[in-house]
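Participant: For the sequence shown, the positions run 612 to 967 when this note's numbering is used. For glycine and all other residues, C-beta sits at the position ideal for the given N, C-alpha and C.
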Amino acid sequence: MSIKDTVSSAFSKWMEASGPDCDVVISSRVRLARNIAEFAFPHLLGHEEADKVVYAVQSVVSSQGFKEQGDMELSRMTELSPTERQILMEKHLISPDLLKNPEKKAVVLRDDEVVSIMVNEEDHLRIQCLLPGLQLKECWDLANTVDDGLEVGLNFAFSEEKGYLTSCPTNVGTGLRASVMMHLPALVTTGQINAILTTLSKLGLTVRGLYGEGTQATGNLFQVSNQVTLGLTEDEIIDNLVMVTMQLVTQERAARRTLYKEQKNHIEDRVWRAYGLLNYARIMSSTDAMALLSDLRLGVDLEIIPGVPAGQITELMILTRPAFLNKLKGAELNQYQRDVYRAEMIRKRLNSLFKA
612 MSIKDTVSSA FSKWMEASGP DCDVVISSRV RLARNIAEFA FPHLLGHEEA
662 DKVVYAVQSV VSSQGFKEQG DMELSRMTEL SPTERQILME KHLISPDLLK
712 NPEKKAVVLR DDEVVSIMVN EEDHLRIQCL LPGLQLKECW DLANTVDDGL
762 EVGLNFAFSE EKGYLTSCPT NVGTGLRASV MMHLPALVTT GQINAILTTL
812 SKLGLTVRGL YGEGTQATGN LFQVSNQVTL GLTEDEIIDN LVMVTMQLVT
862 QERAARRTLY KEQKNHIEDR VWRAYGLLNY ARIMSSTDAM ALLSDLRLGV
912 DLEIIPGVPA GQITELMILT RPAFLNKLKG AELNQYQRDV YRAEMIRKRL
962 NSLFKA
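(1) What residues in its chain sit with their C-beta under 8 Å from that of Q680, if we drop five residues either side in the sequence?
(2) Taking three-plus beta-carbon pairs below 8 Å as touching, is the stretch 684-701 in contact with the stretch 917-924?
(3) For V970 and M793, which I take to be in contact (beta-carbon distance under 8 Å), what is that distance rounded to the nearest angstrom?
(4) Could you tell me the distance, in whole angstroms, from the CA atom of R868 to the CA atom of V860?
(5) Is DSSP giving A866 helix, strand or coil here?
(6) Between the beta-carbon of A661 and the beta-carbon of E926, is there less than 8 Å?
(7) Based on Cα-Cα distance, which residue from D880, D734, S619 lies nearest to K702?
(8) Check each candidate in D846, S673, L909, R696 and name the one with the smallest Cα separation from A866.
(9) Enumerate, from N- to C-terminal direction, the unbroken beta strand (DSSP E) stretches of 3 or more residues contained entirely within the stretch 650-712.
(10) Could you tell me the distance, in whole angstroms, from the CA atom of L913 to the CA atom of I929?
(11) Can you tell me whether T689 is buried or exposed? The criterion is at least 16 other CB atoms within 10 Å of its CB, across all chains shown.
(12) Write down the C-beta distance between A789 and I738 rounded to the nearest angstrom, noting that I regard them as a contact closer than 8 Å.
(13) Our contact map puts V783 next to G815 with C-beta atoms below 8 Å; I'd like the distance itself, whole angstroms only.
(14) How long is the line joining the alpha carbons of V835 and P707, rounded to whole angstroms?
(15) Could you check if V719 is buried or exposed, using at least 16 other CB atoms within 10 Å of its CB as the buried criterion?
(16) To the nearest angstrom, report how far apart K624 and D616 are at their CA atoms.
(17) Could you spell out where the alpha helix (DSSP H) holding T931 opens and where it closes?
(18) Quick check on DSSP: helix, strand or coil for R953?
(19) Grouping DSSP H, G and I as helix and E and B as strand, with all else coil, what is S727?
(20) For R737, which beta-bridge partners are listed by DSSP?
(21) What three-state label does DSSP hand Q948 in the structure shown?
(22) So is P796 buried or exposed if we call it buried at 16+ other beta carbons inside 10 Å?
(23) Closest to S770 by C-alpha separation, out of R645, Q923, E627, E955, would be which residue?
(24) Under 8 Å, do A942 and R893 count as touching if we go by C-beta distance?
(25) Give me, in chain order, the residues of the same chain whose beta-carbon lies closer than 8 Å to that of F935; leave out the 5 immediate sequence neighbours on both sides.
(26) With a threshold of 6 Å on Cβ separation, who are the neighbours of E879 within its own chain once the five nearest residues in sequence on each side are excluded?
(27) With distances taken Cα to Cα, identify the nearest neighbour of A885 among D906, S629, Q669, L691.
(28) Taking its Cβ as the centre, do 16 or more other Cβ atoms sit within 10 Å of K715, making it buried, or is it exposed?
(29) Whole angstroms are fine: how far does the CA of N766 sit from the CA of E724?
(30) Give the list of continuous alpha helix (DSSP H) stretches no shorter than 4 residues that lie fully inside the stretch 772-808.
(31) Please report the straight-line C-alpha distance between I804 and C740, rounded to a whole angstrom.
(32) Assign V636 to one of three DSSP states: helix, strand, or coil.
(33) In whole angstroms, give me the CA-to-CA distance for L747 and T817.
Quick look at the structure:
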């Protein structure tokens, strides 16, 4: 599958709702920050030097030895339209930072969208592995394998004392950032979420919104990630986040059970009211869509709504983002036009889902 196919489909493997604990953990991600020793950090690179980094990565990725990592394609960001770049970000395949200064940047994408390598983001390379459910260890194993494959042809900046050298001091050491995207509607509803977020911060973890740093937790979706990479091994970072994630899974499930037991009519009304609005509204903002789709997803996970794949609801959350709507419509929509088209797309998709 080419990158053009990727930006034409809202679905990605991490949306499958097939991984462990997928009723609460939407996806797991591991990113490795790496820099090539011969070059300055990306923010100091001119266009010519940035091109050399892209060429160096392209040379390794296209080599015969690297093919065992899977079918990968490198695309310069300037080869993609602004809408296509935004879609890659909306699908969580690249970071918001890769959208800036596109003339210096590139992305390597594996055909199954599980692996992506961002080139000249904050670091020369950001190796990302993304899987459905709680699969942090599997993500780490895969990222480590890709890292080894790249290191055959690239001389990574490394210090025996400090570990991998990175543009941001918080990534020095392992260069590993592990995260889980979690759906926590019950903890939000019961008001427990604020105390939990405070505790997570004390444990050295960061909680962000749907698209990472600086974004809000729309649709009751939270990204939980490690803060510290120096002084810990990769396995210690992964094990710590897995342990905390499992505690959150237990708390969210308990809150769901309690809510449904004590407020059954209220929860069912909330779920079916969300379905009604999604199925009949003619204008739908992005914020409203995310909140209502979160309620619908809760109804699917509680089996209030039977027979609907939870992954289809997650896909709808991406399908109704601004860039994807522009792509589907084949035009640059203003906010009002997007809100009208979003409502139309949701109605069509729900109609097909509930008929199936």
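Facilitator: Reading off the structure:
(1) As a working mapping, residue 680 is identified with position 69 in the sequence shown. If the five residues before and after Q680 are omitted, its C-beta is found closer than 8 Å to the C-beta atoms of R721, V726, T756, V757, G760, all from its own chain and listed in chain order.
(2) No, the stretch 684-701 is not in contact with the stretch 917-924.
(3) Past the edges of the chain, shown from 612 to 967, lies residue 970, and the structure says nothing about it.
(4) Position 257 of the sequence shown, counted from the start, is the residue given in the question as residue 868. Position 249 of the sequence shown, counted from the start, is the residue given in the question as residue 860. So the two alpha carbons sit approximately 12 Å from each other.
(5) Taking the sequence shown and counting its residues from 1, one reaches residue 866 at position 255. In the structure shown, A866 sits in a helix (DSSP, three-state: H, G or I).
(6) In the sequence shown, the residue the question calls residue 661 occupies position 50. In the sequence shown, the residue the question calls residue 926 occupies position 315. In this structure, E926 does not lie closer than 8 Å to A661 by Cβ.
(7) Residue 702 sits at position 91 when you count from the first residue of the sequence shown. Of the candidates D880, D734, S619, S619 places its Cα closest to the Cα of K702.
(8) Position 255 of the sequence shown, counted from the start, is the residue given in the question as residue 866. That would be L909, whose Cα lies nearest to the Cα of A866.
(9) The qualifying runs are 683-687.
(10) Counting from 1 along the sequence shown, the entry for residue 913 is found at position 302. Counting from 1 along the sequence shown, the entry for residue 929 is found at position 318. Per the coordinates, the alpha-carbon of L913 lies some 22 Å from the alpha-carbon of I929.
(11) Position 78 of the sequence shown, counted from the first residue, corresponds to residue 689. Note on T689: under 16 other CB atoms within 10 angstroms of its CB, so exposed under the neighbour-count rule.
(12) Translated into the one-based positions of the sequence shown, residue 789 becomes position 178. Translated into the one-based positions of the sequence shown, residue 738 becomes position 127. Not quite, the Cβ-Cβ distance comes to about 12 Å (not below 8 Å), so this is no contact.
(13) What you label residue 783 is simply residue 172 of the sequence shown in a count that begins at 1. What you label residue 815 is simply residue 204 of the sequence shown in a count that begins at 1. The beta carbons of V783 and G815 sit about 15 Å from each other, so the pair does not count as a contact at 8 Å.
(14) Walking along the sequence shown from the start, residue 835 turns up at place 224. Walking along the sequence shown from the start, residue 707 turns up at place 96. Going from the Cα of V835 to the Cα of P707 covers about 17 Å.
(15) Working through the sequence shown from its first residue, we reach residue 719 at position 108. Counting of Cβ neighbours within 10 angstroms places V719 among the buried residues, the total reaching 16 or more.
(16) Working through the sequence shown from its first residue, we reach residue 624 at position 13. Working through the sequence shown from its first residue, we reach residue 616 at position 5. In this structure, the CA atom of K624 is about 14 Å from the CA atom of D616.
(17) The residue given as residue 931 occupies position 320 in the sequence shown. Taken as a continuous stretch (DSSP letters only), T931 belongs to no alpha helix (DSSP H), as it is neither H nor E.
(18) Start at 1 with the first residue of the sequence shown, and residue 953 comes out as number 342. When secondary structure is reduced to three states using DSSP, R953 falls in the helix class.
(19) Reading the sequence shown from its first residue, position 116 is the one you call residue 727. Strand at S727.
(20) Locating residue 737 in the sequence shown gives position 126, where the first residue counts as 1. In the DSSP assignment, R737 forms a beta bridge with A644, M729.
(21) Taking the first residue of the sequence shown as position 1, residue 948 is located at position 337. In this structure, Q948 counts as helix in the three-state DSSP scheme.
(22) For the purposes of this step, residue 796 is taken as the residue at position 185 of the sequence shown. Buried, since its Cβ has 16 or more Cβ neighbours within 10 Å.
(23) Here residue 770 corresponds to residue number 159 of the sequence shown, with the count starting at 1. With distances taken between Cα atoms, S770 lies closest to R645.
(24) Numbered from 1 along the sequence shown, position 331 holds the residue referred to as residue 942. Numbered from 1 along the sequence shown, position 282 holds the residue referred to as residue 893. No, the Cβ-Cβ distance between A942 and R893 is not below 8 Å.
(25) Indexing the sequence shown from 1 puts residue 935 at position 324. Answer for F935: A621, I698, E701, I929, listed in chain order.
(26) The residue given as residue 879 occupies position 268 in the sequence shown. Counting only Cβ-Cβ distances below 6 Å, and skipping sequence neighbours, we find I915.
(27) Residue numbering aside, residue 885 sits at position 274 when the sequence shown is read from its first letter. Considering only D906, S629, Q669, L691, the residue with the shortest C-alpha distance to A885 is D906.
(28) The residue given as residue 715 occupies position 104 in the sequence shown. K715 is buried by the Cβ-count criterion.
(29) Numbered from 1 along the sequence shown, position 113 holds the residue referred to as residue 724. Numbered from 1 along the sequence shown, position 155 holds the residue referred to as residue 766. Approximately 26 Å, taken between the alpha carbons.
(30) Correct list: 796-800.
(31) The residue you call residue 804 lines up with position 193 of the sequence shown. The residue you call residue 740 lines up with position 129 of the sequence shown. Distance between the alpha carbons of I804 and C740: 28 Å.
(32) Stepping through the sequence shown from its first residue, residue 636 is reached at position 25. Strand at V636.
(33) For the purposes of this step, residue 747 is identified with residue 136 of the sequence shown, where counting begins at 1. For the purposes of this step, residue 817 is identified with residue 206 of the sequence shown, where counting begins at 1. About 16 Å.
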